[in-house]
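A.B. asks:
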Amino acid sequence: MEVGGEGNIGDVMRRLSPKPDEDVRKGAWTAEEDNKLRAYVEANGTGHWRSVGKKAGLQRCGKSCRLRWTNYLRPDIRHGSFTSDEEELIIELHATHGSRWSLIAAKMPGRTDNDIKNHWNTRLKKRLCDMGIDPVSHKPISELLWDLATRTIAHSPGSKQAAKRCFSDSLLNKAVRESCIRPTSTTGLSSFQSEVTDVKNIMISNKGEEKYYDHAAPVAAALGLDDVRYWVEDELLHRLPEIWTSSFGKSNETCH
DNA sequence: AATAATTACAACCGCCTTCAT
DNA sequence: TATGAAGGCGGTTGTAATTAT
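Following full-length UniProt numbering, the numbering of the first sequence begins with 1 at its first residue and continues without gaps.
1) Evaluate H94 with the Cβ neighbour count: other Cβ atoms within 10 Å of its Cβ, from every protein chain shown; 16 or more gives buried, anything less gives exposed.
2) When burial is assigned at 16 or more other CB atoms within 10 Å of the CB, is L58 buried or exposed?
3) Among A39, E33, K139, F82, which residue has its Cα nearest to the Cα of T122?
4) What does the Cβ neighbour count give for C129, buried or exposed, with the cut at 16 atoms within 10 Å?
5) Can you tell me where the alpha helix (DSSP H) with D76 in it begins and where it stops?
6) Starting from the C-beta of I116, find all residues in its chain whose C-beta is less than 8 Å away, skip the five residues before and the five after it, and write them out in chain order.
7) Taking the straight line between their C-alpha atoms, what separation do you get for W69 and E92?
8) Give, in chain order, every unbroken run of the alpha helix (DSSP H) that is at least 4 residues long and sits entirely within the UniProt domain "Myb-like" (21-73).
9) Contact check, R60 vs R38 under 8 Å by CB: the rounded distance?
10) Measure the alpha-carbon distance for P140 versus K126 and round it to whole angstroms.
Next up, the structure:
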């Protein structure tokens, strides 16, 4: 015991501060650690996670132990890929509850909130986008574009130009992002331009873009654009230097 | 066969809520 | 009522495995 005992400020600070890093292991769990934690919980049950690491002979913090048990070791967890029925249920529940994963998991026995969240972020979100559905609102993208251009923006001063600009940015960024062209700052603008001289053909030949044009058509009509495709192509070629500079000109990173 | 890109998922982090004192 | 511990949640990151080039 140090001189000063309970009242010593240094002692108080040490008790309140987190333990030094060397006392706590991080990263992937080993099979031995899993066995220790499983044996401890089977013998003592869950709860009081803060002390579990120590009592189970693990150099892990309580949070880490709890997470490992609830997301992986719990015996009622069903591991393995999601069935199509489960995927449909997740989409349905997400439309109702949003990203309240614990709520969604409660309606899917055997699945953890972490698993569902991961599956949503890696698979389902993309699938909805490909179907032309916004994964946040679960509404068709065409409907959202329409709202954006005709209601949110188009009724304010200087609206038409703003709406056109917003609309074109969305299309152009998508076209560049989804094309096979991956320029870098070291490529240089001139060679990038030569690579994309026929970018409109990439856009037209890409079936996803065709679908995107379908979504865009009613918005274009609302803005008084007779043919959105030619307008976007003109915009894209005209604004290529600007797009290149804003996206890739400031770093050596490749385009994502 | 080697390398790059993408995918899948375990784990961490920070914040919030609840509860006991 | 204020405070701190504990548990829970959602967002994000790191990385191993897989697939594409």
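Just so you know, even glycine gets a beta-carbon here, dropped at the ideal spot from N, CA and C.
Quantities reported herein were computed from a predicted structural model and do not represent experimental measurements.
C.D. replies: According to the structure data:
1) Within the first sequence, numbered from 1, the residue matching residue 94 stands at position 94. Result: buried.
2) As a position in the first sequence, residue 58 is number 58, starting the count at 1. Buried, by the Cβ-count rule.
3) Mapped onto the first sequence, residue 122 falls at position 122. Checking every option, the nearest Cα to that of T122 belongs to F82.
4) Here the question's residue 129 lines up with position 129 in the first sequence. Looking at its Cβ environment, which holds fewer than 16 other Cβ atoms inside 10 Å, C129 is exposed.
5) Numbered from its first residue, the first sequence carries residue 76 at position 76. Neither: D76 is in no alpha helix (DSSP H) and is coded neither H nor E.
6) In the first sequence, the residue the question calls residue 116 occupies position 116. Cβ within range, chain order: I90, W101, I104, A105, M108.
7) In the first sequence, counting from the first residue as 1, residue 69 sits at position 69. In the first sequence, counting from the first residue as 1, residue 92 sits at position 92. Rounded to whole angstroms, the gap between the alpha carbons of W69 and E92 is 28 Å.
8) 31-44, 49-55, 62-68
9) Along the first sequence, one-based indexing puts residue 60 at 60. Along the first sequence, one-based indexing puts residue 38 at 38. Going by Cβ atoms, the distance from R60 to R38 rounds to 13 Å, so no, they are not a contact pair.
10) Locating residue 140 in the first sequence gives position 140, counting from the first residue. Locating residue 126 in the first sequence gives position 126, counting from the first residue. Looking at the two C-alpha atoms, the distance is approximately 14 Å.
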